[in-house]
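Notes follow the structure.
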Amino acid sequence: MRKIQILILFASSIFILSTLGCSSVTTQTASTHQAPITVIASEDFPNYSSINDLSDRADTIIKGNVIQTRVEALNDRVQAPEADQENAQKVTLEAGNEELAFDKIYTIHTIQVAESYKGAFVAGDTLEVKQLGGQLNNTEIINDDHVSLIPTKDYVLFLETYENTPASLLNSIQSLYVIKPASKSSQSTEQQTTSPVIVSANPENDLTLSLDQLNQIQSEEQSK
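If you count by mature numbering (1 follows the signal peptide of the UniProt record, and there is no 0), then the sequence shown holds residues -21 to -1, 1 to 203, one letter each, in order.
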């Protein structure tokens, strides 16, 4: 289970909102006021001790790049068990006689798949991946835990997918990697091409991913 902590900042008041739910559960939070609102959010996800643990938990592992991005207030509670949905009902904060309600805002990336290592997607497919955070109308959610995806980079993503809502990274730190293209080095008169380098997109990640590990995951998936 993950805990989402949200700090909502106004010009003269500070409210703290904590919501507890499964990794696939989100709460709607939409402002009914026109004053600018900044929401500072952090997410606590399970931590994985190895790439094997991470790949076992993910139902989809792909290499791809961002081709489109949008920001949307999203309700994906439908994927949660009924008991969790009851715990994740819309949260309201009362300030004096005013009732304030907030919708969760996501940045949603459309990813074009270049290679699939695990799951149902194949090269050429597209899928959507959501990240908590973004600005919509007068409300901005700032999530310091995630790294923004950039269209010019190739990524490896460890994902959990759902039927009616965009996929999510297993966690914000360990589930996103950048593929640096192969470089050419000169030895004598010959040019040699080195293999691509895979690095974590988040500097706090303590796991190291290699191309050999991805090939092994892909091989095991194809042998099923």
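Here a beta-carbon is modelled for each residue, glycine too, at the ideal position from N, C-alpha and C.
Per-residue DSSP class, three states only, for residue i
| i | result |
| --- | --- |
| residue 44 | strand |
| residue 95 | strand |
| residue 190 | helix |
| residue 196 | helix |
| residue 153 | coil |
| residue 183 | coil |
DSSP beta-bridge partners of residue i
| i | result |
| --- | --- |
| residue 146 | 108 |
| residue 52 | 84 |
| residue 115 | 118 |
| residue 134 | 43, 157 |
| residue 90 | 45, 106 |
The beta strand (DSSP E) enclosing residue i, as first and last residue numbers
| i | result |
| --- | --- |
| residue 21 | 16 to 23 |
| residue 179 | 176 to 179 |
| residue 140 | Run containing residue 140: none; DSSP gives neither H nor E here. |
Residue i - containing alpha helix (DSSP H), residue span
| i | result |
| --- | --- |
| residue 33 | 30 to 36 |
Identity of the residue in the options nearest residue i by Cα
| i | options | result |
| --- | --- | --- |
| residue 185 | 18, 17, 22, 27 | 27 |
| residue 160 | 42, 53, 34 | 42 |
| residue 205 | 96, 138, 54, 123 | Lying before the first or after the last residue shown, residue 205 is absent from the chain, which here runs from -21 to 203. |
| residue 125 | 178, 32, 148 | 148 |
| residue 53 | 107, 31, 92, 99 | 107 |
| residue 17 | 174, 158, 114, 154 | 114 |
| residue 39 | 20, 32, 24, 98 | 98 |
| residue 140 | 37, 102, 21, 31 | 37 |
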